[in-house]
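Undergrad: Here the working numbering is used: the first residue of the sequence shown is -5, the next is one more, and so on. Glycine residues also receive a C-beta, built at the ideal position from the N, C-alpha and C atoms. Every value quoted in this text rests on a predicted model; they were computed, and no experiment measured them. Once you've had a glance at the structure underneath, I'll fire off some questions.
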Amino acid sequence: MTRSRLAALAAVLASLASPGHAQEAQPESTTALAERASVTAEDFMVATAHPLATKAGYDVLAAGGSAADAAVAVQMMLGLVEPQSSGLGGGTFLLYWNAALGELTSFDGRETAPAIADPGYWLGPDGAAVEFWDAVVGGRSVGVPGTPKLMEEIHARYGRLPWADLLAPAIDTAEAGFEISQRMADAIVEGQEQRLDAFPAAKAYFFDDGGSPKAEGSPLRNPDYARTLRLLAAQGTAPFYTGSIARDIVAAVRTETNPGELTLADFADYKVKERAPVCLDYRTYEVCGMGPPSSGALTVGQILGILSHWDLGRPGANTDIDHLFIEASKLAFADRGLYMADSDFVKMPAGLLDPAYLESRAALIDPGAAMGSAAPGEPPWDETRLYAPSADQPEFGTSHFVIVDRYGDMVSATTTIETGFGSRVMVDGFLLNNELTDFSFEPEADGKPIANRVEAGKRPRSSMAPTIVLEHGEPRLLIGSPGGSRIIEYVAEALIGILDLGLDPQEAIDRPHVVNRNSDTTEVEEGPGAEATIARLAAVGQTAKAANLNSGLHAILIGDGTLTGGADKRREGLAMGD
Ligand code: GLU
């Protein structure tokens, strides 16, 4: 056994044995804060949010599987052991590096709105937008899931091992049972606050006979999930999109509390879209990520493009890089709120990453004084201001994983059912997403449409930012995170940590977060240094408060012959390789 393998297994034990950590209620709380070191390997590596998912991916890679094969095994296991965050009932964005072709591409497995949906989808009978949690809970928030088809398509394209073999570890674990992790146990308690136990299938699975949330360490078996996976193993995803599973989902969505309007035709019409990645030249690197319908790569790209006007590694005595980051972030989020949505449905400016435009945005930053909140800019565009800005809405949940195989293929994927436990509607052993609440609830403002309003068949705007960084045309870094719209800042901060400050992935992931999504108040990650950071920011006029900032960053740095992986100390994941 190599040293890296030993380190990885030690980390598994540490993560499973780590003490609890009380947190403010939110659908995905920080788990363990278990300190960990980067993991190194030579030939292949996988980092995910759960040790059993990492192990499933590791075993596939060790057996000669490709990054795509490992991604399938990881996703099927995550859907079992971290069901609150992702699964068959949700959507995924995945970047794939094809080593043989030297080609980077991206796959959009985002959920779609039903064909019957219109911009008034989230307005109540009084014409006002419904309350967020009233919208989340029940069938109406469910979009057509894309994760199963995306997994099938990347396997068809890049797989080396039989599809059924990749589902086997999750089937075996679902039948044999596994222990509820601390994070899942905490999530069940938090989920109960938002009616998780009001849904019979979820109640039967996540709560004991007396109605109490199942506790950390309790054994859990999921025979329904095993049955579903056996069906997919034998028949591919046809049962999911045109067969019995589609029928089960449509029936549940249309009859459960707050019924939705998905139809079998919506399922039959679902398509995974291959899209060109969105890339930004940054220093000596090309930072590439997921374009619309995600705002991830464009907003991360704007932050970095604005900050490229400072040498962050040597900022100078009077320049505070947290302040610069906050200001760049405000500017980028202002553009995000106005312009970004599913570009198959709305026109978007081509110049959001234009270097001259970003230079003009950087010029708005005063290194010595905070700007308050930022207004959107005027990127190069042949149309101006077609839309009204949208307010930020809560987003939670989600999981990110990264994989490098022995052939040099790589995956960086962010996968979600939106909030913790999604819509709460559980069908055939898995939870259905509430992704339709990622649309703007308000269809218009000031007489103008909001770009991210609901439309038939449209994909809700995302913040997910699976990222692959290239240098001289070769991959150097894979990274991404959950965290709602804070994903954008978690990823941008870690990129700066690694690319500008020279930190290794674990160090960069562990750096305390500083987040501002264009509001008056910056959030500083609670912890030992928080008060000092808040005081330092006050000196440049930034109002800041301590907050629980729960990322789930997973990263692999690709060096000469060495892979270095990091897994977020705020969750219970693990990097493992050989
Ligand atoms: N639904 C969110 C999005 O697509 C992700 C939720 C999260 O990461 O917390 O942006």
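#1: Can you tell which of MET334, ARG355, PRO349 has its C-alpha closest to the C-alpha of PHE319?
#2: With a threshold of 8 Å on Cβ separation, who are the neighbours of ALA19 within its own chain once the five nearest residues in sequence on each side are excluded?
#3: Runs of 3 residues minimum, wholly inside the segment 384 to 466: which ones carry the beta strand (DSSP E) assignment?
#4: Would you list the one or two residues that DSSP bridges to ILE473?
#5: Which parts of the segment 463 to 533 are runs of the beta strand (DSSP E), unbroken and 3 residues or longer, counting only runs that do not cross its ends?
#6: Whose C-beta lies closer than 8 Å to the C-beta of PHE433 among residues of the same chain, with five residues either side of it excluded?
#7: Spatial neighbours of GLN113 within its chain, please: CB distance less than 6 Å, with the 5 preceding and 5 following residues excluded, ordered by chain position.
#8: DSSP three-state label for ARG269, please.
#9: Taking 8 Å as the cut-off, decide whether the C-beta atoms of LYS49 and GLY103 are in contact.
#10: Could you check if GLU97 belongs to the surroundings of the ligand GLU, using beta carbon to heavy atom distance under 7 Å?
#11: Is the CB-CB distance between ASP403 and ALA61 below 8 Å?
#12: Could you have a look at SER238 and say whether DSSP puts it in helix, strand or coil?
#13: Alpha carbons only, please: which of GLU210, ASP314, ARG269 is nearest the one belonging to GLY535?
#14: Of all the alpha helix (DSSP H) runs that stay within the bounds of the segment 61 to 142, which reach a length of 4 or more residues?
#15: Assess contact between the segment 511 to 521 and the segment 332 to 351, defined as three or more Cβ pairs (one per stretch) separated by less than 8 Å. Is contact present?
#16: Tell me the DSSP secondary structure of ASP260 in three-state form.
#17: When burial is assigned at 16 or more other CB atoms within 10 Å of the CB, is GLY555 buried or exposed?
#18: Can you give the Cα-Cα distance for GLY254 and GLU146, rounded to whole angstroms?
#19: I'd like to know if the segment 411 to 431 and the segment 217 to 234 are in contact, where contact means that at least 3 CB-CB pairs between them fall below 8 Å.
#20: Please go through the same chain and pick out, in chain order, the residues whose beta-carbon is closer than 8 Å to the beta-carbon of ALA109, but skip the five residues on each side of it.
#21: Just list the residues that DSSP pairs GLY283 with in beta bridges.
#22: Which of the three DSSP states is assigned to GLN186 in this structure?
#23: Which of the three DSSP states is assigned to SER178 in this structure?
#24: Decide if the segment 456 to 472 is in contact with the segment 145 to 165; the criterion is three or more beta carbon pairs, one per stretch, under 8 Å apart.
#25: Could you pull out every residue in the same chain whose Cβ sits closer than 8 Å to the Cβ of ALA541, ignoring the five residues on either side in sequence?
#26: Taking contact to mean 3 or more Cβ pairs, one atom from each stretch, closer than 8 Å, check whether the segment 475 to 488 and the segment 544 to 555 are in contact.
#27: Go ahead and label ASN312 buried or exposed: buried means 16 or more other beta carbons lie within 10 angstroms of its beta carbon, across all protein chains shown.
#28: Let me know if ARG308 comes out buried or exposed under the rule of 16 or more other beta-carbons within 10 Å of its beta-carbon.
#29: Counting pairs of Cβ atoms below 8 Å between the segment 30 to 45 and the segment 558 to 567, do you hit three or more?
#30: Going by Cα to Cα distance, which pick from ILE552, PRO443, ALA270, ALA532 is closest to ALA382?
#31: Check whether the Cβ of THR410 sits closer than 7 Å to any heavy atom of the ligand GLU, and report yes or no.
#32: Can you tell which of VAL244, ASP218, SER323, GLY290 has its C-alpha closest to the C-alpha of LEU301?
#33: In whole angstroms, what separates the C-alpha of ILE552 from that of MET334?
#34: Is THR392 close to the ligand GLU? I mean its beta-carbon at under 7 Å from any heavy atom of the ligand.
#35: Just verifying my parser: in three-state terms, what is the DSSP assignment at SER288?
TA: Once the coordinates are examined:
#1: ARG355
#2: Confidence at ALA19 is low in this model, with a pLDDT of 32, below 50, so the placement of that residue should be treated as unreliable; the coordinate-derived value is given next. Result list for ALA19: GLU184, GLU187, in chain order.
#3: 393 to 398, 404 to 410, 461 to 465
#4: THR461, ALA549
#5: 468 to 474, 515 to 519
#6: ALA107, TYR115, TRP116, ASN446, ARG447, VAL448, LYS452, PRO454, ARG455
#7: Looking at the sequence provided, one finds Pro at residue 113 rather than Gln. Only PRO437, ARG447, VAL448 meet the Cβ criterion.
#8: strand
#9: no
#10: no
#11: yes
#12: helix
#13: ASP314
#14: 61 to 75, 126 to 130
#15: no
#16: helix
#17: exposed
#18: 26 Å
#19: yes
#20: THR257, ALA259, ASP260, ASP263, ALA450, GLY451
#21: VAL272, THR461
#22: helix
#23: Reading off the sequence shown, one finds Met at residue 178, where the question assumed Ser. MET178: helix per DSSP, three-state reduction.
#24: no
#25: VAL509, GLU517, VAL518, GLU519, GLU520
#26: yes
#27: exposed
#28: exposed
#29: yes
#30: PRO443
#31: yes
#32: SER323
#33: 31 Å
#34: yes
#35: strand
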